[in-house]
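Chemist:
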Ligand code: ARG
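In our numbering, the protein residues as written are 1328 to 1903.
Here you go:
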């Protein structure tokens, strides 16, 4: 069953054809001026050009051809040739009738595997506001792809073999030369317990990094330690094993706090063995060239308007880079999943150049043929003053601090509402708050972290949308059964019209790809429902047919908000 927009487009196409014009120009979209009409078509301009007639005349001819349509109504021509109209109530009802409650009319047509690379922490470093953003955006994208029918796999990519690891190992070597990990004669077994806690690791990392900055000798030791680690020196591998276990447990604790999980925890170490072979292949085919002792892959393309430096495969000291490991990771993904259709990377938008270099290298070498490579860059989380959100000490706020602060606010909100002490509910509100506030914006946009505003039950917030779904659920529960959709009255029509827009909202999210059209749709439905409920008695309605029809709309509302929120990783509580 076609969506409402599909039906309208078919009607416009028919009218264009009836006027001897190209039916493909009958494209319909939501109106820029919803106070005048719900939809518009601007195809008269192109049609007029082709037919060498004034656009207004063409628009009027099309409008006249629509007079008897069952699908559109209130057709008018505005300005130089805009065709404005509403959907008929019959068209709205039939589009809505075709939406089942489980999928709200969206078929699962996707096929193949999609890997979404998101949340990637840096071992031994505290996860920060940026990791929170990639975690939320990536998790929602994964859910959206899965809903569309793809096998969607989330990978939290671990940058686990680079220089930072060498910095930490050499720092411990300086502090604890007596540890068996540093004794080349030690034959094991190494201790099963880590000699440090995760908190100590988080503390030592910045000190180690600083020491390397200040002292070239330390820097060399760190580089050498990283190389030895990569080559598998047993003591270093054992120490690193502790570090990785603790780091993964910490990352998991953060992800769990938001109900986020991953199918894959593969990182740089898992593809380390592929690096030499890929390097030889790139070099052998002339795609990689020597440059000042380094091996680089030139990726400039005709038409580049910005400087495009080559991808650095091996630095002059022979070390692999962030680019090297991402090329190897992509090769590995394409080989491991022969049905891979897309790889999506959610990372700070300042990494755009890095991913462009990686994607171009893979394309040049044919490492991921047939795989759509997508970078989704996220913007900065700002404080209520509109400036990048920083802690008092000037660093980025920690992931877990943001979660804790929002949870605290959510508890306070519940206390205000007389629901003190419901910890599970407070967590649900916290998640709805954080996820909705982030996901209602396009990922690349900066957004303001303001827990005071974001947890409010009014306004464009997660709790507001949740609250409308809970309200709808309460009405349905009291009523017992939902009833069948009926004819739409004037007060029911705006809600029905909003509900009918779901297939397009979802299609937009998938095409972008971005969760924000889904979040925006959930909010629109919540608002339309709130207005509907203000204008239309439901449980107290005396006429049984009207009551049943309104209940059916309440059920659709509940189903659609629940579905949209679930794609954002937000679950609707029973009450709030
Ligand atoms: N760990 C990186 C960071 O904190 C993000 C990793 C993104 N994924 C990737 N395959 N490079 O910015």
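C-beta: ideal position from N, C-alpha, C; glycine also. Please read all numbers here as calculations on a predicted model, not as lab measurements.
By the DSSP assignment, the beta strand (DSSP E) with residue 1517 in it spans what residues?
Modeler: It is not in any beta strand (DSSP E) - residue 1517 carries neither H nor E in the DSSP assignment.
Chemist: Quick one: which unbroken beta strand (DSSP E) runs of 3-plus residues sit fully inside the stretch 1432-1509? Chain order, please.
Modeler: 1440-1444, 1478-1482
Chemist: Rounded to the nearest angstrom, what separates residue 1696 and residue 1658 at their Cα positions?
Modeler: Whole-angstrom Cα-Cα distance: 10 Å.
Chemist: For residue 1342, which residues from the same chain have a beta carbon less than 7 Å from its beta carbon, with the 5 sequence-adjacent residues on both sides left out?
Modeler: 1353, 1389, 1392, 1393
Chemist: Secondary structure at residue 1410, three-state DSSP: helix, strand or coil?
Modeler: strand
Chemist: Does the stretch 1515-1534 come close enough to the stretch 1449-1468 to have 3 or more Cβ pairs within less than 8 Å?
Modeler: yes
Chemist: With which residues is residue 1622 paired in a DSSP beta bridge?
Modeler: 1617, 1641
Chemist: Ligand 1 and residue 1679: does any heavy atom of the ligand fall closer than 8 Å to the residue's C-beta?
Modeler: no
Chemist: Ends of the alpha helix (DSSP H) at residue 1573?
Modeler: 1561-1584
Chemist: Please determine, among 1858, 1410, 1649, 1457, the residue with the shortest C-alpha to C-alpha distance to residue 1722.
Modeler: 1457
Chemist: Less than 8 Å separating the Cβ of residue 1655 from some heavy atom of ligand 1?
Modeler: Checking every heavy atom of ligand 1 against the Cβ of residue 1655, none is found closer than 8 Å.
Chemist: Say yes only if the C-beta of residue 1789 is nearer than 8 Å to one or more non-hydrogen atoms of ligand 1, and no if none qualify.
Modeler: no
Chemist: On the CB-based measure, 16 or more other CB atoms within 10 Å of its CB, does residue 1902 come out buried or exposed?
Modeler: exposed
Chemist: Under the DSSP definition of a beta bridge, which residues are partnered with residue 1700?
Modeler: According to DSSP, which records beta bridges pairwise, residue 1700 is partnered with 1670.
Chemist: Cα-Cα, which of 1762, 1769, 1740 is closest to residue 1785?
Modeler: 1740
Chemist: What's the call for residue 1717, buried or exposed, on a 16-neighbour Cβ count within 10 Å?
Modeler: exposed
Chemist: Which of the three DSSP states is assigned to residue 1899 in this structure?
Modeler: Three-state DSSP puts residue 1899 in coil, outside helix and strand.
Chemist: Cβ of residue 1432 within 9 Å of Cβ of residue 1589?
Modeler: Cβ atoms of residue 1432 and residue 1589: not closer than 9 Å.
Chemist: Residue 1559 to residue 1494, Cα distance in whole Å?
Modeler: Cα to Cα, the separation comes out at about 16 Å.
Chemist: Which of the three DSSP states, helix, strand or coil, is assigned to residue 1649?
Modeler: helix
Chemist: Going by the C-beta, is residue 1649 closer than 8 Å to any heavy atom of ligand 1?
Modeler: yes
Chemist: So the beta strand (DSSP E) residue 1534 belongs to, where does it begin and stop?
Modeler: Note, residue 1534: premise wrong, no beta strand (DSSP E); alpha helix (DSSP H) at 1525-1541.
Chemist: If we ignore side chains and look at the alpha-carbon of each, how far apart do residue 1378 and residue 1804 end up?
Modeler: 58 Å
Chemist: Take every Cβ of the stretch 1467-1485, pair it with every Cβ of the stretch 1549-1558, and state whether three or more of those distances are shorter than 8 Å.
Modeler: Segments in contact, no.
Chemist: Leaving out the 5 sequence neighbours to the left and right, which residues in its chain are closer than 6 Å to residue 1592 when beta-carbon positions are compared?
Modeler: Answer for residue 1592: 1483, listed in chain order.
Chemist: Using a Cβ-Cβ cutoff of less than 7 Å, which residues in the same chain neighbour residue 1622 once the five nearest sequence positions on both sides are dropped?
Modeler: 1606, 1610, 1615, 1640, 1641
Chemist: I'd like the span of the alpha helix (DSSP H) that includes residue 1400, first residue to last.
Modeler: No alpha helix (DSSP H) holds residue 1400; the beta strand (DSSP E) holding it covers 1399-1405.
Chemist: Label residue 1498 either buried or exposed according to how many other C-beta atoms from any shown protein chain fall within 10 Å of its C-beta, with 16 as the threshold for buried.
Modeler: For residue 1498, the number of other beta carbons within 10 angstroms of its own is at least 16, and it is reported as buried.
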